[in-house]
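Structure, as structure tokens:
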Amino acid sequence: MTFSASAPGKIILFGEHAVVYGRPAIAVPVIQVSARVTVTLTRSGEVVIQAPDIGLQISLADLPARHPLKAAIQRTARAVGIAQLPPCSLRIESTIPVAAGLGSGAAVSVAIARALSAALGSLLDDAQVCAIAYEVEKIHHGTPSGIDNTVITYARPVYFIKGKPLEQLPVGRAFTIVIGDTGLASPTAKAVGDVRKAWQADKMHYEAVFESIGALADSARQAIQQGAVELLGPLMDANHGLLRKLGVSCPELDALVLAARKAGAWGAKLSGGGRGGNMIALVNKEQAKKVATALESAGAVRTLVTEIKASQG
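Each residue of the sequence shown is one higher than the one before, starting from 170 at the first, in my numbering.
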């Protein structure tokens with residue numbers, strides 16, 4: 170028997186890095202990219218993992234103890250109450266770029282938890298799936314905020330403060346985002362770790378920057394709920410400036426942000442850990458292709474247009 174599950178990517182609209190220090194952040198799912206896991210129960214053999222996108226085919230037993238895939242599988246089995254996994258294969262496929270700020274690791278963990286728990290006869294609920302993905306995020310990122318696993322598990326826009334109950338974010342009016350990928354891999358753990366060291370050396374300065382980023386996220390929350398899309402552009406620009414102060418931008422990101430603004434974007438900023446990965450631009454829907462073309466001309470290796478749809482009802 171075969172069981173499958175998928176999970177979307179995500180982008181952070183506001184609040185990255187500051188969210189690790191208790192400030193709010195806003196993130197939305199990106200359904201144009203996804204991770205998919207297919208579990209096939211077999212009559213005999215062992216647990217085999219196939220991830221053709223990264224050239225991986227290996228038995229679960231041969232994976233290192235702290236490998237993220239092994240952690241996701243074992244934590245799912247424990248959550249279901251299974252001590253010994255039955256023979257099976259897990260095929261992992263993903264269109265989400267790795268180390269690009271789109272939540273690749275969390276999406277794979279969420280898809281594993283759902284597909285494997287279904288195969289084991291006890292489909293986990295969203296809260297259980299989210300908790301498993303968060304524990305795996307610690308392997309990926311060291312001190313994760315929890316925002317990736319949350320927005321990907323629930324696949325809805327969220328307003329998030331670490332350690333507080335999840336708040337789904339109503340969207341008053343649809344808006345369009347163009348995502349531009351620098352092509353530079355950007356492991357979040359390194360950027361988060363560097364910011365932590367800088368914060369420890371000068372807490373007063375960095376707390377002030379985090380507070381300003383959090384205030385922008387709160388303003389953006391109000392604008393999104395009220396459908397005041399035009400207010401989000403300047404907030405994005407201001408957020409990017411503060412992220413530059415944290416030292417997490419880079420020349421490639423800055424060039425794409427500038428190119429998007431010159432092409433008519435209402436605002437633009439890096440998204441995620443920074444120092445590579447992706448940036449985002451808020452655009453008039455009709456201008457999306459023009460801005461995407463400008464980003465590609467400025468060095469983006471790929472672009473993606475996503476619409477954040479208005480909430481129903």
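No residue lacks a Cβ here, since even glycine has one placed at the ideal position from N, Cα and C.
On a CA-only basis, which of the options is nearest residue i? Give me that one, please.
i       : options                            : result
Thr-245 : Pro-193, His-310, Leu-292, Ile-346 : Leu-292
Ala-461 : Val-426, Val-206, Gly-443          : Val-426
Gly-270 : Gln-369, Val-197, Ile-393          : Val-197
Pro-339 : Gly-178, Thr-171, Ser-480          : Ser-480
Arg-260 : Phe-172, Lys-459, Ala-386          : Phe-172
Val-206 : Ala-230, Ala-282, Lys-179, Ala-467 : Ala-282
Ser-418 : Ala-432, Gly-396, Ala-434, Gly-445 : Gly-445
Ser-286 : Gly-410, Thr-209, Thr-264, Ser-355 : Thr-209
Buried or exposed: where does residue i fall if 16 or more other Cβ atoms within 10 Å of its Cβ makes it buried?
i       : result
Arg-430 : buried
Arg-390 : buried
Thr-211 : exposed
Arg-235 : exposed
Met-405 : buried
Pro-334 : exposed
Pro-233 : exposed
Gln-226 : exposed
Glu-336 : exposed
Rounded to whole angstroms, what's the CA-CA distance from residue i to residue j? Just pull it up for me.
i       : j       : result
Ser-213 : Cys-257 : 8 Å
Ile-382 : Phe-183 : 8 Å
Glu-465 : Asn-447 : 13 Å
Val-474 : Gly-250 : 41 Å
Gly-352 : Lys-438 : 16 Å
Ser-278 : Val-305 : 7 Å
Leu-385 : Asn-408 : 7 Å
DSSP state of residue i, grouped into three classes?
i       : result
Arg-205 : strand
Leu-335 : coil
Gly-178 : strand
Ser-278 : helix
Arg-283 : helix
Ile-393 : helix
Val-188 : helix
Asp-294 : coil
Hey, could you find the ends of the alpha helix (DSSP H) residue i is sitting in?
i       : result
Gly-362 : 357 to 370
Val-216 : No alpha helix (DSSP H) holds Val-216; the beta strand (DSSP E) holding it covers 216 to 220.
Asp-423 : 420 to 431
Tyr-129 : Residue 129 lies beyond the range of the chain shown here (170 to 482); nothing can be said about it.
Considering just the uninterrupted stretch of the beta strand (DSSP E) at residue i, what are its terminal residues?
i       : result
Ile-449 : 447 to 452
Leu-238 : Premise fails: Leu-238 lies in the alpha helix (DSSP H), 237 to 249, not in any beta strand (DSSP E).
Val-327 : 327 to 329
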